[in-house]
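Worksheet: one structure, shown below.
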Amino acid sequence: MRRCLERAQTMRTGNVPDMRITEWHPTPPDPRAALARVRHIVLIVFASAQFALPALSQDRSEPDPFAGVEEMIVTGSGTAALLAPTSTSAISFDTSALEAYGVEDLSDISAYVPNLEIRSANATNASFFVRGVGLQDFGANASSSVPIFQDGIPRNPSATQLVGLFDVSGLSVLKGPQGTGRFRNASAGAFIVETTKPEPEFSGFAKASIARIVSVDSRDANRYDFETAMNAPIYEDIVSIRLASRYSHENAFWENGCANRSPLGTRPIQQPGGFEPSVGFCGEVVHAFEMSQVDPFLERFLGEVDDFGFRASIRIQPPGGVMDWVIRGEISRLNRDSTTGQQLGTGGVGFGVGSADRYGYVDRDIQNRSDELYAIISAENPGLRRRQIRQLVAPILEKELHKRPLDEHPYRGDLDTPGKTYLDTLTISAKGTFDFEAADVELNLGWVEDRKSEKRDIDLSPNSAFPSDGNDQAWELYGDLAVTGEEIGDLPMDWDVGLYTLVEHVESATRQKIFLQTRMASWDQEIYSYGVYAQGRYEFLENFSLAAGARYNYERKDFQIESFLIDAPTTRSSRNQRSWDAFTGFGEIRFEFTEDIATYLKYTRGFKAGHFNPSRAERARIPNRGFADPESIDSFEWGLEFAAWSGRLNGSANFFFYNYQNYQVFRLTSSIEGVAREIQNAKRARNFGAEMELTLTPLEGFAPEFLEGLRINFRGGWLETNFVEFINSEERAFPGGSFGVNIDYSGNPLISAPNLQIATTFIWPLDLGRLGVLTPQYDFTWTDDTPFDPNNGKGEIPVDQISALPPYMIGNRAYLLHNVRLQWQPADDPSFKVAGWCRNVTDERYKTFAVDISTFSNQILVFVADPRVCGADFTFNW
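In the numbering used here, each number is its position in the sequence shown, counted from 1, plus 226.
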């Protein structure tokens, strides 16, 4: 009867503990057909290389004048977009900057890149927004509009996108749609991560970091991080190897009020009668003649992290300097307590934040504060009745929870079923570059695989409302080929042509309790995508150039889903296959007024393929429910680059305007069956804004040499966004069923789009002679009010169309973060350095994500960023 009942066992992750599904598996796709498709794609890529290489390989009668010159990597708008690197808005960070900012994964970089927001609600997945554009989806098949490339290979499986960074030589954030090059689905921007290449010499480094949470609101837990890398020649200067690894451990700091050492069989029985004391541990509901069902032997503190990663890279550089191969293999293991947070009860629409959830639970800190306010108001107004006093308490409590935000102990809650998250990732890639007289060729091949197991108390409460236990796995095969040159015949012109192809398979199995029912869901998805592009730049005059490019994009997705209730006799299922194609591209003019001042004007057409929603098993063929249509964008950007004051001041500025059609928006819709995760289309969306970056060395040439190194970096972003036309049909639950409600979000700002952001860094290396070099650093970032939903942060819109929450309750109010660092390097031993630092110096509270599900369970779910952390780094180089 249930042909979907056999999945979980094939989705085991090596040592990853199995989830509790033991009988369930949908019929898998034919592996022979999938392998045939993969084989065809590989043959196409290699055949292209075989035809390209002999044609480009010409006899060299003269020695290469650039032999032995070190390679310089420039990040631009395309695969070899060395064509116009300055005409794509980009912010880049080298190794020293990433170290100074304490960047451990991609989510840490958002504070230093205006108009970049990264949201996260679990340990493995994140959503990326560039200039207000992105997709707030944390599912296994989430398709980001900001692809992440590491060493030329996209991390398309969503669980691999929150890349742990180690032994990285550089990171760049490209802003705006990428209409050409290998950047598939990059309708908002792209990340480029480059790890360090092997070199034919003995060298390396080791770094140890020891840190501690320093906050009155949480446990002062320790954190440890160890990173090392080593270069070694294998055969002369031809073959070299580099080994790199990282290990991170964080002690638990989030307090769980449901901690216990009580086996189920020894617990007391709840006596009948309304006046009998509860036998519960932490505010859970225990019915008469039953015992508490909180998981036994729960730890008091949660949030432990135990991760590692290892990478081996081999570089082959045959004599002659024509060919350069880098082959990399990387494995990583993420082992963490599943992400925890707080829930705020809403008591249903109209009762206010801080009241009870569907089960009557109120966090003890909120209850204590409510009782204090009740006592104060009662003493000041002895004639008021109890209901009147509570009506006065509710808005005061809601205002406090909104402004603080959260209660007095945001790193404490009551979870009855906390779990673990495990993620194993394997990446294998090969990059070959060929330097011929007529053109250069670059070939990338890569395999990315991940296996994930996650058990979570999603309702963030002591009652087992809708906990989840799931496994998912994915693999990706990718290849691209690019050919670049500097002339066509006798015409001096930079050009770039290439192709890419990607095949991906994702499957997922989930067991979730929805109040009194248990639902099993299983789905799988396959992606077949390719693109062919060409672009070029021609200089009409020495200071005037024109660039243009185009790409043909094709993508097909095959999707099937099945689900059933444990106690129900029927299985619901549906499947769908859809394909999309589009032409994208860009056109640009660039003019250099002087050597120090240049400007450009650019138009780009962007595209992102459609998406399948895995929440409802019967809806795979229903538009805007089971699937979302592709989105497209028309982007206009004007930019200015300048240098002044004898090079002491360098900067850039830009203004952009975006017009979106069918913009993809993440929504949570609730019904009697639970909360559905859906990507829906806003018919039209629009945004515009400006950005500026300035780097100033004000003391250069005006102060003694040991003082003149002061460097100030300023980055700022301004953004105006809105849904021009977004009328959506959503479900609202009522006892025994649900019905549709038309919601008009038109005119509201886009999700995760703050109006203003500012990031400023002061670095001042002081050369103290024999005492060494002392480098103090201070940086701050300010972020404006930010909504996490399309209702300006006011949560779900009820049936009466009147939002019950204040603006940015589902979001962040403006906040300011301060960070400090002090580094010392001895004069007689430049291979050693030590640094002390503190991040979030003022212990600011802000959210990483929040969602309102009041119409379903009278709850707001909130996830809070880390408190203040201070530590020290010790680095040795050889």
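Glycine included, every Cβ here is placed at the ideal spot set by N, Cα and C. Please read these numbers as outputs of a predicted model, since none were measured by experiment.
Just the Cα atoms here: how many angstroms apart are L397 and A316?
10 angstroms
For this session: Assuming N948 contacts R893 (C-beta within less than 8 angstroms), just tell me the rounded distance between them.
Result: Actually they are not in contact, since the Cβ atoms of N948 and R893 sit about 17 angstroms apart, beyond 8 angstroms.
TODO: Pick helix, strand or coil for V356, following the three-state DSSP scheme.
DONE: strand
Helix, strand or coil for R613, going by three-state DSSP, please let me know. helix
**Asked** How would you call A442, buried or exposed, if buried means at least 16 neighbouring beta carbons within 10 angstroms?
**Response** For the record, residue 442 in the displayed sequence is Val; it is not Ala. Result: exposed.
Restricting to Cα atoms, I'd like to know which of N607, A1091 and F812 is closest to G407. F812
Whole-angstrom distance between T987 and N876, CA atom to CA atom: 15 angstroms
May I have the straight-line CA-CA distance separating F790 from I374, to the nearest angstrom? 35 angstroms
* Asked: Which of helix, strand or coil does DSSP assign to F1102?
  -> strand
**Message:** Please identify the residue among N486, L632 and S800 whose C-alpha is closest to the C-alpha of F1075.
**Reply:** L632
| query | Going by beta carbon distance, what residues of the same chain come within less than 7 angstroms of T350, once the five residues before and after it are set aside? | reply | A385, L388, L560, T647, L649 and K678
Suppose the cutoff is 6 angstroms on Cβ atoms and the five residues either side in sequence are ignored; what does the same chain contact list for T1068 look like?
H1044
For P688, I'd like the list of residues in its chain whose CB is within less than 8 angstroms of its CB, leaving aside the five on either flank, ordered along the chain.
G483, C484, G506, F507, C508, G509, E510, V520, Y587, D640, L641 and D642
Margin query: Buried or exposed for F817, going by 16 or more other Cβ atoms inside 10 Å?
Written below: By the 10 Å Cβ count, F817 comes out exposed.
Which residue spans inside the stretch 720-771 form an unbroken beta strand (DSSP E) run of at least 3?
-> 743-767
Exercise. Classify T236 as buried or exposed, calling it buried when 16 or more other Cβ atoms lie within 10 Å of its own Cβ.
Key: Legend: pLDDT at T236 = 40, less than 50; position of this residue unreliable, value from coordinates given subsequently. Answer is exposed; the Cβ neighbour count stays below 16.
- Would you tell me roughly how many angstroms separate the C-alpha atoms of L686 and V1090, rounded to the nearest one? 13 angstroms
Review point. By Cβ distance, which residues of its chain are closer than 6 angstroms to N347, with the 5 residues on each side in sequence left out?
Key: Per the sequence shown, residue 347 should be read as Ala rather than Asn. For A347, where only same-chain residues beyond five positions count, the Cβ hits under 6 angstroms are F364, F1075 and F1089.
**Cα-Cα separation between A708 and H731, rounded to whole angstroms** = 25 angstroms
(Q) Relative to the C-alpha of K423, which candidate in G500, G555 and D722 has its C-alpha closest? (A) G555
Could you check the C-alpha separation between A416 and F409 for me, to the nearest Å? 7 angstroms
Exercise for the section: Rank F883, R847 and A437 by C-alpha distance to the C-alpha of S861 and give the top, closest one. Expected result: F883
To the nearest angstrom, how far is the alpha carbon of R595 from that of R638? Inter-residue distance for R595 and R638 is about 15 angstroms (C-alpha atoms, whole angstroms).
### Message
Please classify A1053 as buried or exposed, where buried requires at least 16 neighbouring CB atoms within 10 angstroms.
### Response
exposed
| message | Comparing C-alpha positions only, which one of G1097, P403 and P1032 sits nearest to R777? | response | P403
Candidates I905, D446, V967 and L922: which alpha carbon is nearest Q1027's? Selected option, being the one with the closest Cα: V967.
- If you count every other CB in all the chains shown that lies within 10 Å of the CB of I792, and 16 or more means buried, which is it? exposed
Please list the terminal residues of the continuous beta strand (DSSP E) segment that includes T1081. Note, T1081: premise wrong, no beta strand (DSSP E); alpha helix (DSSP H) at S1080 to S1083.
**Report entry** Alpha-carbon to alpha-carbon, M456 and D285
**Finding:** In this prediction, D285 scores a pLDDT of 38, lower than 50, which makes its location untrustworthy; the coordinate-derived value is nonetheless stated afterwards. Distance between the alpha carbons of D285 and M456 is about 37 angstroms.
| task | Determine the DSSP secondary structure at K629, reduced to helix, strand or coil. | result | Helix.
Rounded to whole angstroms, what's the CA-CA distance from L490 to S474? Just pull it up for me. 35 angstroms
In this structure, does DSSP put P426 in helix, strand or coil? In the structure shown, P426 sits in coil (DSSP, three-state: anything other than H, G, I, E or B).
Check: DSSP beta-bridge partners for D363?
Finding: Paired residues: none, contrary to the question.
Say whether the stretch 862-874 touches the stretch 797-806, bearing in mind that this needs 3 or more beta-carbon pairs closer than 8 angstroms, one atom from each stretch. no
Q.
Please return the same chain residues whose Cβ sits closer than 6 angstroms to the Cβ of F536, not counting the five positions on each side in sequence.
A. S471 and I557
query = Who are the Cβ neighbours of I984 in its own chain at under 6 angstroms, not counting the five residues just before and after it?
reply = G942 and W1008
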